[in-house]
Structure formats: C-alpha cells, structure tokens
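Protein chains in written order, with this note's numbering: chain A, 101 to 422; chain B, 5 to 321. Quick notes on the structure that follows.
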Amino acid sequence: MQRNGIKMKEGEKDLLSLNDDRGVVFNIQRFSIHDGPGIRSTVFLKGCALNCPWCQNPESIRLLPEIITRDIKCIKSGKCADICPQGAISLAEGLRVIDWEKCDYCLKCAEVCPSKSIEVAGEHKSVDEVIEEVEKDSSYYRRTGGGMTISGGDPLVQWRFTLALLQKARQKGIHTALDTTGYARWEVLDDILNYTNLVLYDIKHMDSAKHKEATGVPNEPILDNLLKTVKKPEVKVWIRYPIIPGFNDQEEELEKLCEFVITLGPTVEKISLLPFHKFGELKYTATGKVYAYRDCTPLSDERVEELKGLISSHGLHTEIGK
Amino acid sequence: MERPVTKDPREMKSADELLDATCEQTDFYIKIAALSHNIGHQTVMDYNADPLNSLMLDDTLENGNDIYKYNKEFDSYLNVISLGHVNIADSLAAIQKLVFDEKKYTMDELLRALKSNWDGYEEMRQDFVNAPKHGNDDDYADEWAVKVKKKFWETAQKTKDAWGNPCTFDGSSVIAYQAMAFGIGATPDGRMMSDYIADGSCSPSAGADKKGPTAVLNSVGKVPFLYTGLFNQRFMPSFLEGENKKLFSEYLREWFEKMTIPHIQFNVVSSETLREAQKDPESHPDLQVRIAGYSAHFVDLPKETQDSIICRTEHSF
Ligand code: SF4
Ligand code: SF4
C-alpha cells in the first residue's frame with residue numbers, strides 16, 4: 101500500500117495489535133493544554149488505519165518506527181551516508197540527501213548521526229515506562245482537572261497497548277482521554293471505553309464515499325461506533341471536526357453534521373472545530389512524504405467564525421479548537 | 005594566600021572529584037573577596053559612621069549602634085553573587101556520562117576540545133550538547149544541580165564576615181549572565197566561548213529544556229532553596245488566553261505551594277522573538293509551538309506558517 105508516499109512493510113498491518121505491554125510511541129508531550137480539560141500529557145502512538153492527506157502528524161501514520169530529519173541540525177559529518185546499507189544517502193555540498201525510495205527504515209543513520217539531524221520517530225516503550233513519564237505531572241492534573249490523553253496516529257491501531265495504558269492510568273486515578281478516529285471493531289472500542297473518561301471523536305465527512313475517497317476507509321463503522329459510544333453514560337464525548345477547505349467546509353456538510361450530532365444525546369458535550377492549518381508541512385519533507393495540501397489556503401478566521409455560528413444556531417455547544 | 009593546587013583532572017576518577025576541586029578553587033577566591041570586603045567593612049565602621057541611615061533601623065538608637073555595626077537580623081555582610089551554577093551542573097552531568105560512565109571520551113580529549121573552543125571537535129560537542137540537561141525532570145541531570153548547589157553553599161559558608169557570620173551566596177544575578185559570559189571559555193555542557201551562560205542562576209540553560217513548563221518547574225523544584233535565585237520562564241501567549249488563564253493560575257499555585265523557588269519571572273514570547281527566530285533559526289532551535297494534537301519547533305515551520313503564528317501572537321496583546 102502506498103499513499104502520500106507512506107510505505108507499509110509487508111505484513112505490517114498484521115502487526116497491528118503488537119502486544120499489550122510494549123507499544124510504539126512517537127512522543128509524550130507534557131503540558132498539553134489543547135487535548136482535553138486541564139494540563140495533560142498526551143501520549144502519541146504510531147499507526148493509523150486512515151490516511152488523510154491533510155494529516156498534521158505524517159510521521160504518525162506508519163506503525164513502525166521511521167526516520168525524521170532536521171536539515172538545520174546537520175553538521176555534515178557524512179556518517180549517515182557511510183553507514184546506510186541501502187545506499188540511500190548521498191552528500192550534496194556536504195548536506196545529506198536521502199533517496200526515500202531506497203530507504204527501508206533500518207534506522208542505522210539515526211543511530212550514528214552525532215547531531216540529531218536524523219532521529220527516529222517511534223520508540224518501543226513499555227506500559228510502565230509511559231505511565232512513569234505521565235505520572236510526573238500528576239500534581240498538575242489534580243489541580244487543573246487534567247490527565248492523560250492518548251492520541252496518534254489512532255490509538256485504536258495499537259489497541260492492546262492503549263487498553264493496557266488506560267487500565268494502568270485508571271488504577272492510578274489519572275483522568276483518561278482518547279483522541280480517536282473511531283475506526284475499529286466495536287468490541288475493541290467497547291472494551292477501551294470502559295477505562296476512558298472522555299473521547300475526542302473525529303468526524304471527517306458524513307458521506308461515506310467521500311470519506312473513503314479522502315481517508316481510504318468508509319465512515320459507516322465510525323458513525324456506528326459513535327452511536328454506541330454515546331450510549332455509555334459515563335463516557336463524555338467531544339466531537340472533533342477538522343475543517344478542510346473544499347472537502348467538508350460547505351454549509352450543507354455542517355448542516356448534515358449537526359443533524360447527526362443532535363440525535364446523539366447528552367454525553368456529547370461539544371463540537372470542536374479544528375480549522376485546517378499547514379503546520380505539519382515540513383514534517384512531510386522531513387519524513388520523505390508528499391504533501392497534497394501544499395497549495396491549499398486555510399480558511400479565514402471570519403469564515404471559521406461563520407461556521408461556528410451555524411453550528412451554534414442548532415443549539416449545539418461548539419468551540420474553535422487550537 | 006596561595007592558590008590551592010588541585011589534582012590534574014586527567015587523574016580524576018569521577019565528576020564528583022572534579023566538583024570538589026572546583027569548590028576548593030572557588031573557596032580560595034571567596035576568601036580573597038572576603039578579605040578585601042572585611043577590610044573595607046572594618047574601615048567603614050571605624051571612619052564612616054552613617055547616622056542618617058542608622059535611624060532607619062529599629063534599635064540602633066537604643067543600643068548606640070551605627071548601621072555598619074549593626075549585627076542582628078542579617079545573615080551575613082558577605083554576599084557573593086553566584087552565576088553559572090546550572091552550566092556547572094550540566095557540565096558535570098555530561099562529563100560523568102561521557103567520560104566516566106560510558107568512557108566515550110577521555111578527559112584529555114575534553115580539555116583539548118575546550119581549549120580550542122570545540123574547533124575541530126564538532127561531533128564531540130554534539131554529544132556534550134545532547135547529554136542530560138537540568139530542566140527536563142530527569143534525575144540524572146537534576147541530581148547534579150542539587151549537588152552543585154549544596155557543595156557551593158557549604159563552600160561559601162566556610163568563609164566568615166567581619167562579625168563571624170558565614171558568607172552567603174546570592175543568585176539574583178539579573179543580566180550578568182550576558183556580561184560575564186564574555187570572559188568564560190568553552191564549557192563541557194557544549195557551550196562555546198563567550199556564549200551566554202544560563203540566565204537567572206537557577207533557570208535551565210536556554211534551549212536545554214525540551215519537555216515544557218511542568219518539567220522545568222519539577223526540575224528546578226528539586227534543587228533546595230539555600231540562597232536567593234531567579235528563575236525565568238517563557239510561555240507562548242496562547243497559555244494566557246481565555247479559558248487558559250485558569251490553568252495558568254493553578255500552575256502558579258503549584259509553584260507556590262510545592263516549590264521553593266524564591267523568585268520566578270514569566271516572559272511571554274513576543275512577536276519580536278519569533279521574528280528573530282525566523283531570521284536566525286540556529287539560535288532558537290527549540291522554541292515550541294503547541295496546538296491541538298500537534299507540536300513542532302517554530303523554526304521548522306514554513307515561512308508562511310511562521311508568519312501566521314507571528315500574526316496571532318501580535319493579536320493576543
Ligand atoms: S550523520 Fe547527521 S550530521 Fe552527519 S551528515 Fe548525516 S545527517 Fe548530517
Ligand atoms: S533508515 Fe533508510 S536512510 Fe537511514 S540508514 Fe536505513 S535505509 Fe539508509
């Protein structure tokens with residue numbers, strides 16, 4: 101499978117669940133203030149079953165570790181070119197250039213790079229290692245109603261690991277949030293929600309064909325799972341709707357979204373609109389991927405406010421996410 | 005007084021030995037400072053009574069004491085402004101790791117690299133730059149910060165003022181981290197000659213803290229409050245907007261209740277800083293941008309995106 105230049109290894113999809121005590125984590129961001137209430141730590145897991153061309157974390161889609169580069173840090177040592185078994189790295193005026201077609205993610209270049217100009221995105225970590233890092237900010241969670249958010253990628257890809265993290269956090273009394281596409285077998289999500297206080301649930305398009313065209317998967321399983329999720333009174337839901345110009349920013353689309361959300365009931369606390377931005381752009385080049393939204397202009401603040409107004413007019417609580 | 009001869013670093017077995025030697029040398033200089041200060045103080049006491057200022061104190065009149073003879077509520081008349089302790093801690097952490105634990109470099113190589121201001125040793129410097137640093141809630145580096153602070157404090161206390169009170173340190177060095185830096189050669193934390201040293205005497209070195217404000221606060225909070233210090237922290241303006249104000253006040257409470265940092269100073273990243281970073285990315289490699297489900301270094305963003313963040317920053321004030 102190859103979209104946006106994201107290469108999956110043979111059989112990678114079968115590794116999906118890995119195991120329950122080690123997962124591939126690409127970042128633990130402490131002091132997150134936009135992924136749920138309070139001061140939180142967001143655990144970013146690798147792997148996503150969807151493949152949205154506007155993704156802001158392109159290094160998160162592939163399940164296994166990969167390399168990510170930062171040109172300004174290169175000190176032109178040439179060590180990476182010397183070690184690469186695929187001959188994928190050459191030196192042009194000292195700066196290394198990677199032929200991404202040849203790279204097979206053996207990660208050797210990142211190991212020898214002295215200046216972290218090539219780094220590994222995605223590290224195998226145990227549940228205890230992650231929780232230990234998360235617990236370091238427990239006092240801030242208690243003060244601010246914060247906690248741990250698991251994000252990605254989509255945490256439902258490494259679902260066994262996600263489940264184990266949530267269980268452990270629960271045991272420790274840490275508030276838990278799950279930032280997800282909702283794309284999984286219901287049994288999997290069902291189990292996970294038993295240990296989740298809040299779901300940040302993505303809806304990208306109400307039309308399944310359009311959804312599939314853009315993300316690679318149909319939306320029925322996602323919407324079905326959401327209908328079941330809202331039946332759990334103890335799980336709060338925030339809908340996240342990324343507004344992508346030309347894809348889902350038309351008024352009719354937002355009307356359809358509202359019609360659907362209105363039927364969901366009181367566990368849905370709000371709709372967060374996430375306006376399209378291009379902050380992820382350089383991460384595409386940094387990881388050898390193609391950014392299809394390079395020429396897309398983000399919506400104006402006024403337009404975003406207008407769309408927000410449209411949702412509010414249906415009596416739904418909404419905010420513009422950051 | 006003669007300058008003590010301490011062991012050749014090449015013969016040392018641990019970074020602790022190096023710290024001890026550093027303190028021994030520091031002790032010598034504190035004693036010189038104390039000597040001149042105490043002579044000065046004695047002279048002022050004898051020849052330069054200050055009745056006006058003496059009236060400002062509580063019981064000078066009753067006891068017939070001049071302000072310069074006043075020896076009550078002060079800890080000490082001898083106050084040494086201290087600077088660069090965080091650089092020392094980071095240096096020792098790097099040396100312990102790379103020279104003593106992993107034995108990747110010898111002390112001899114390190115000395116040569118430092119003498120040449122890392123010139124010709126860039127790869128090696130990267131290892132020292134990337135060694136554990138104070139400010140990331142990482143015990144390896146934070147324990148060195150604790151040790152350095154305690155040891156230097158003990159060292160200061162060995163010297164006495166004219167009244168016999170032990171000497172104290174004062175960490176409120178304000179802007180001196182820039183001025184004094186010019187006289188300081190390359191250091192084993194990866195710093196080059198004349199680069200600024202860590203500001204504020206207990207703030208992490210600029211750019212060394214990579215895990216956000218809570219990690220910085222936790223790190224700094226591990227170091228005991230033995231003498232005054234100044235802690236500078238930088239936030240993106242979004243942390244102080246709207247709903248987030250509540251989070252900020254809770255963050256302050258946490259600092260206030262749990263931590264022992266006497267003086268904290270918040271700077272909000274300004275659009276000027278961002279413009280500077282845009283022009284000179286190398287000096288701001290670690291400026292963080294935080295948005296939902298995403299984080300990146302400011303300098304990694306495309307120009308047009310940087311511009312939009314600058315614009316936002318301007319609008320929030
Ligand atoms: S090893 Fe790192 S510093 Fe050396 S040339 Fe490769 S990317 Fe640049
Ligand atoms: S990760 Fe890719 S570029 Fe790096 S050494 Fe391996 S094959 Fe070469």
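Ideal placement from N, C-alpha and C gives every residue a C-beta, glycine not left out.
Proximal residues to residue i (C-beta, below 6 Å), its chain only, five neighbours per side dropped
{"i": "A/L221", "result": "Reading off the sequence shown, one finds Ala at residue 221 of chain A, where the question assumed Leu. Same-chain partners within the cutoff: F126, E159, E166 and I168."}
{"i": "B/P8", "result": "E28 and F32"}
{"i": "A/Q129", "result": "T142"}
{"i": "B/I314", "result": "S275 and L278"}
{"i": "A/E211", "result": "none"}
{"i": "B/I85", "result": "D174 and S177"}
{"i": "B/E280", "result": "none"}
{"i": "A/M248", "result": "S141, V234, A269, I274 and T276"}
Limits of the unbroken alpha helix (DSSP H) element including residue i
{"i": "A/Y341", "result": "No alpha helix (DSSP H) holds A/Y341; the beta strand (DSSP E) holding it covers K336 to I343."}
{"i": "A/I218", "result": "Note, A/I218: premise wrong, no alpha helix (DSSP H); beta strand (DSSP E) at I218 to A221."}
{"i": "A/V212", "result": "K208 to V212"}
{"i": "B/N83", "result": "No alpha helix (DSSP H) holds B/N83; the beta strand (DSSP E) holding it covers N83 to I85."}
Partner residues on chain B for residue i, Cβ-Cβ distance less than 8 Å
{"i": "A/Y240", "result": "T218, E254, Y255 and E258"}
{"i": "A/I139", "result": "T218, L251, E254 and Y255"}
{"i": "A/K225", "result": "Under the 8 Å cutoff, chain B gives no residues; its nearest Cβ is about 15 Å from A/K225."}
From the options, residue whose alpha carbon lies closest to that of residue i
{"i": "A/S372", "options": "A/K408, A/V330 and A/G252", "result": "A/K408"}
{"i": "A/R242", "options": "A/Q267, A/I250, A/S251 and A/K272", "result": "A/K272"}
{"i": "A/L191", "options": "A/G178, A/L382, A/C203 and A/V404", "result": "A/G178"}
{"i": "A/L298", "options": "A/E287, A/G246, A/K312 and A/C206", "result": "A/G246"}
{"i": "A/T276", "options": "A/G421, A/L265 and A/V197", "result": "A/L265"}
{"i": "B/A98", "options": "B/V133, B/L65 and B/I71", "result": "B/V133"}
{"i": "A/R340", "options": "A/L278, A/R285, A/A309 and A/A269", "result": "A/L278"}
{"i": "B/G189", "options": "B/A160, B/L115, B/A19 and B/K137", "result": "B/L115"}
{"i": "A/K208", "options": "A/E229, A/I198, A/I231 and A/I183", "result": "A/I183"}
Contacts around residue i, its chain only, beta-carbon distance under 7 Å, and the 5 residues preceding and following it disregarded
{"i": "A/E110", "result": "Bear in mind that a pLDDT of 48 at A/E110, under 50, signals an unreliable position, so the model cannot answer this."}
{"i": "A/E419", "result": "K370 and S372"}
{"i": "A/L195", "result": "D171, C174 and K176"}
{"i": "B/H89", "result": "V152, K153, F156 and S205"}
{"i": "B/N42", "result": "D165 and A166"}
{"i": "A/P333", "result": "T367"}
{"i": "B/T309", "result": "none"}
{"i": "A/R270", "result": "T276 and Y295"}
{"i": "B/F321", "result": "The pLDDT assigned to B/F321 is 36, lower than 50, so where the model puts this residue is not dependable; a value taken from the coordinates is nonetheless given after this. If we look at B/F321 and ignore the five residues flanking it on each side, its Cβ neighbours are P241."}
{"i": "B/N222", "result": "D141"}
Chain A residues whose Cβ lies nearer than 8 Å to that of residue i
{"i": "B/V324", "result": "Outside the shown range of chain B (5 to 321) lies residue 324 of chain B, about which nothing can therefore be said."}
{"i": "B/Q130", "result": "I175, P214, S215 and K216"}
{"i": "B/E243", "result": "According to the sequence displayed, residue 243 of chain B carries Phe and not Glu. The answer, in chain order, is I133."}
{"i": "B/T309", "result": "H377, K378, F379 and E381"}
{"i": "B/T248", "result": "Reading the sequence as shown, one finds Asn at residue 248 of chain B and not Thr. Ordered by position in chain A, the residues that pass the 8 Å Cβ test against B/N248 are I133."}
{"i": "B/P306", "result": "K378, E381 and L382"}
Residue i: first and last residue of the uninterrupted beta strand (DSSP E) it sits in
{"i": "B/I43", "result": "Per DSSP, B/I43 belongs to no beta strand (DSSP E); it is in the alpha helix (DSSP H), A19 to Y51."}
{"i": "A/P321", "result": "No beta strand (DSSP E) contains A/P321, which is instead part of the alpha helix (DSSP H) from E320 to T329."}
{"i": "B/S198", "result": "That residue, B/S198, is in no beta strand (DSSP E); it is neither H nor E in DSSP."}
{"i": "A/H305", "result": "Counting along the chain, A/H305 falls outside any beta strand (DSSP E), and DSSP gives it neither H nor E."}
{"i": "B/D174", "result": "T172 to D174"}
{"i": "A/D349", "result": "No beta strand (DSSP E) contains A/D349, which DSSP labels as neither H nor E."}
{"i": "A/L278", "result": "H275 to T280"}
{"i": "B/S58", "result": "B/S58 -> not in any beta strand (DSSP E); alpha helix (DSSP H) instead, spanning P55 to S58."}
{"i": "A/E419", "result": "T418 to I420"}
{"i": "A/R122", "result": "R122 to S132"}
Partner residues on chain A for residue i, Cβ-Cβ distance less than 7 Å
{"i": "B/L118", "result": "Within 7 Å Cβ-Cβ: nothing; B/L118 doesn't reach chain A, min ~18 Å."}
{"i": "B/K215", "result": "R130"}
{"i": "B/N134", "result": "K216"}
{"i": "B/P285", "result": "I172"}
Neighbouring residues, chain B, relative to residue i (Cβ below 9 Å)
{"i": "A/I198", "result": "Going along chain B, no residue has its Cβ under 9 Å from A/I198, so there is no contact; the nearest lies around 17 Å."}
Cβ shell of residue i (< 8 Å), same chain only, five flanking positions each side left out
{"i": "A/H417", "result": "E369, K370 and I371"}
{"i": "B/K307", "result": "Q282"}
{"i": "A/V330", "result": "V337, L364, G365, T367 and V368"}
{"i": "A/D114", "result": "The pLDDT assigned to A/D114 is 48, lower than 50, so where the model puts this residue is not dependable; a value taken from the coordinates is nonetheless given after this. Nothing meets the Cβ criterion."}
{"i": "B/M16", "result": "L22, A25 and M111"}
{"i": "B/M5", "result": "F32, K35, I36 and L39"}
{"i": "A/E406", "result": "none"}
Under 7 Å from the C-beta of residue i: neighbouring residues of chain B
{"i": "A/T244", "result": "L251 and E254"}
{"i": "A/K236", "result": "D141 and N222"}
Contacts that residue i makes with chain A (C-beta to C-beta distance below 9 Å)
{"i": "B/E127", "result": "I175, S177, K179, P214 and S215"}
Taking the runs of the alpha helix (DSSP H) that are 4 residues or longer, which of them lie wholly in the stretch 227–264 of chain A?
227–235 and 238–244
In chain order, what are the residue ranges of uninterrupted beta strand (DSSP E) at least 3 long that sit wholly in the stretch 138–200 of chain A?
140–145, 166–169, 189–192 and 195–198
Can you list the alpha helix (DSSP H) stretches of 4 or more residues lying completely in the stretch 200–234 of chain B, in chain order?
Counting whole runs of 4 or more residues, the stretch 200–234 of chain B contains the alpha helix (DSSP H) stretches 217–226.
What ranges does the alpha helix (DSSP H) occupy inside the stretch 95–151 of chain B, keeping only unbroken runs of at least 4 residues that lie completely in it?
111–119 and 126–133
Please specify which runs of the beta strand (DSSP E), each continuous and at least 3 residues long, are wholly inside the stretch 364–403 of chain A, giving them in chain order.
For secondary structure counted as the beta strand (DSSP E) over 3 or more consecutive residues, the stretch 364–403 of chain A holds these complete runs in sequence order: 368–375.
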